[in-house]
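Below is one structure, written out as structure tokens, with a few remarks after it.
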Amino acid sequence: MIDLDQSATTAVRRAVLEAMWPHLTGGYGNPSSTHALGRAAATALQDARARVAARCGVRPAQVVFTSGGTEADNLAVIGLTLGSIRAGRDRHIIVGAVEHEAVLEAADHLRRWHEVEVTIAPVDNSGEVDVEAVRAALRPGTALVSVQHANNEVGTLQPVRALGEAAHAVGALLHVDAVQTAGWVPLDPARTPVLSTADAISISGHKLGAPKGVGALVLRTSAPLEPLVHGGGQERDRRSGTENVAGAVGLATALELAEAERDPGTVSTVAARRDRFIAAVLAAVPEARLTGHPERRLPGHASFVVDGLGGEPLLIALDDRGIICSSGSACAAGRDDPSPVLLAMGYDPDLARTALRFSFGAETSDADLDTAVAALQDSAAGLRALR
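Using my numbering, the letters of the sequence shown map in sequence onto residues 176 to 562.
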């Protein structure tokens, strides 16, 4: 099997499991307990929080551990919007048209239940948010702008710095969903200036080699945050519930390892490998068309539509040949609806149903990608013969 669906999830790294193991066995205490076992758990949680904070250029108190990227996105969009409204901002937010469902559904929740006006910012045919359209939609009372750093389906990197500058000019906050880019680029704005205007950043552990079920919302603002989960007041009253200590340790370890290994040279190597793979696919399958921005995209991400062949049949044929890929967002798997991302980018619904996404990491070799191209070519030929 060759795993080319790493935008959906990644394998848990051995070093991450080893770091978590003591907190799943002997050190199983509740960090809210005051006895020795609880204090040891609290110390481990505090250390994990400090390590994540250090990678993000914030203080430990600005890290809120969550159950994953979806909860982090919901907490940012709903929590920051309601907190800002409570502080006097208008009931108005702006979200990109190609955001993850966790952002779009959270925005729709605000519209339906809290009478918040939601402006959907348009994108061009590469999936890049129109900064001028966002500027035109902003007003002095706007509470929040929410946008991905990189799109999960087509890999396009967004102009988040310019969007943040525009938002801040009217006093609005910027939330950045960095689930796909965490580990590929440093989250500390001192090292990645494009993130310098983000007031809140969402990350997810299982995209980095940590287990599913842990993520974080990193806050760079003192703006009030309305909690979504109520109870024991954990996470400084921002996210109640007994903390996942082992998960937090795993997230911190995975983030450190990913950033240490994906230095600029490694990222450049993966990006060059991606470009060769894209060229090979387009040469091998004449029906294929690249989706997303051809240059400003995730290093290990290549996405296509395949006119006339069908995405789902190709996925099945590739799976039979040991190539693991996807048709887009894993959260939309199993639906026959065309990709909302591709529709927002202007694609015809029938063509949008033929989406293929290949996503990989630094450990993926040229030989792996060559094998995938050959399998795709054979699969396409087989389907073509059946037409």
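The beta-carbon is built from N, C-alpha and C at its ideal position, and this holds for glycine as well.
When Ala429, Tyr522, Leu430 and Arg413 are compared against Thr574, the one with the closest alpha-carbon:
Summary: the structure shown does not reach residue 574, with the chain confined to residues 176 through 562, and so no result is reported for it.
So, with DSSP's three-state summary, where would you put Ala183?
coil
Would the beta-carbon of Leu370 fall within 8 Å of that of Val322?
no
Go ahead and pull the three-state DSSP assignment for Gln552.
helix
Have a look at Ala459, Val345 and Leu338 and flag the residue whose alpha-carbon is nearest the alpha-carbon of Ala318.
Val345
For Arg395, tell me which candidate among Gly339, Phe452, Ile453 and Thr428 has the shortest Cα-Cα distance.
Gly339
Secondary structure of Gly204, DSSP reduced to three states
coil
Reduced DSSP secondary structure (H/G/I, E/B, other) of Glu401:
coil
What beta strand (DSSP E) runs, 3 residues minimum, are completely inside the stretch 262-324?
267-271, 292-296 and 319-323
Spell out a yes or no on whether the stretch 445-455 and the stretch 483-498 are touching, meaning 3 or more CB-CB pairs, one atom from each, closer than 8 Å.
no
Which residues in the same chain have their Cβ closer than 6 Å to the Cβ of Ala423, if we skip the five residues on either side of it in sequence?
Leu220, Ala223 and Phe240
Alpha-carbon to alpha-carbon, Leu362 and Ser534
21 Å
Leu426: which of Leu403, Thr200 and Pro386 sits nearest, CA to CA?
Pro386
Three-state class that DSSP yields for Arg562 in the structure shown:
coil
Using a 10 Å radius around the Cβ and a threshold of 16 neighbouring Cβ atoms, would you call Met176 buried or exposed?
exposed
Leaving out five residues before and five after Leu392 in sequence, what residues of the same chain have Cβ atoms less than 7 Å from its Cβ?
Val239, Thr241, Ala247, Leu250, Ala251, Ala375 and Ser377
Nearest to Glu274 (by Cα), restricted to the options Gly486, Thr245, Ala229 and Glu290:
Thr245
DSSP beta-bridge partners of Val420
For Val420, which the question treats as bridged, DSSP gives no partner whatsoever.
Using a 10 Å radius around the Cβ and a threshold of 16 neighbouring Cβ atoms, would you call Glu168 buried or exposed?
With the chain covering 176 to 562 only, the question about residue 168 has no answer from this structure.
Distance check for Ala537 and Gly475, CA to CA, integer angstroms please.
8 Å
Candidates Val442, Ala560 and Ala421: closest to Met195 by CA position
Ala421
Per DSSP, which residues does Thr331 bridge with? Please list them.
Arg472
Does DSSP put Leu250 in a helix, in a strand, or in coil?
helix
Would you be able to state if there are at least three C-beta pairs under 8 Å between the stretch 410-421 and the stretch 199-219?
yes
Kindly identify the DSSP beta-bridge partner or partners of His350.
Ser321 and Ala375
So the beta strand (DSSP E) Val442 belongs to, where does it begin and stop?
Not the beta strand (DSSP E): Val442 falls in the alpha helix (DSSP H), residues Pro439 to Ala459.
Cβ-based neighbour list, Asp180, same chain, cut-off 7 Å, excluding 5 preceding and 5 following
Ile499, Cys500, Ser501 and Ser534
Beta-carbon spacing of Thr294, Ile269 below 8 Å
yes
Using only alpha-carbon positions, find the residue among Leu457, Leu518, Asp512 and Val389 that is nearest to Pro297.
Leu518
For Arg532, the residue or residues it bridges with in DSSP:
Ser478 and Ser501
Which of the three DSSP states is assigned to Asp541 in this structure?
helix
Buried or exposed: which applies to Gly525, given that a residue is buried once 16 or more other Cβ atoms fall within 10 Å of its Cβ?
In the sequence as presented, Gly is not what sits at residue 525; that position holds Asp. Exposed.
Should His468 and Leu332 be called a contact, given that it needs their Cβ atoms to be closer than 8 Å?
yes
Comparing C-alpha positions only, which one of Arg287, Leu544, Asp265 and Ala308 sits nearest to Gly271?
Ala308
Can you give me the C-alpha to C-alpha distance between Glu410 and Ala216, rounded to a whole angstrom?
14 Å
If I follow the unbroken beta strand (DSSP E) through Ala463, where does it start and stop?
Ala463 to Thr466
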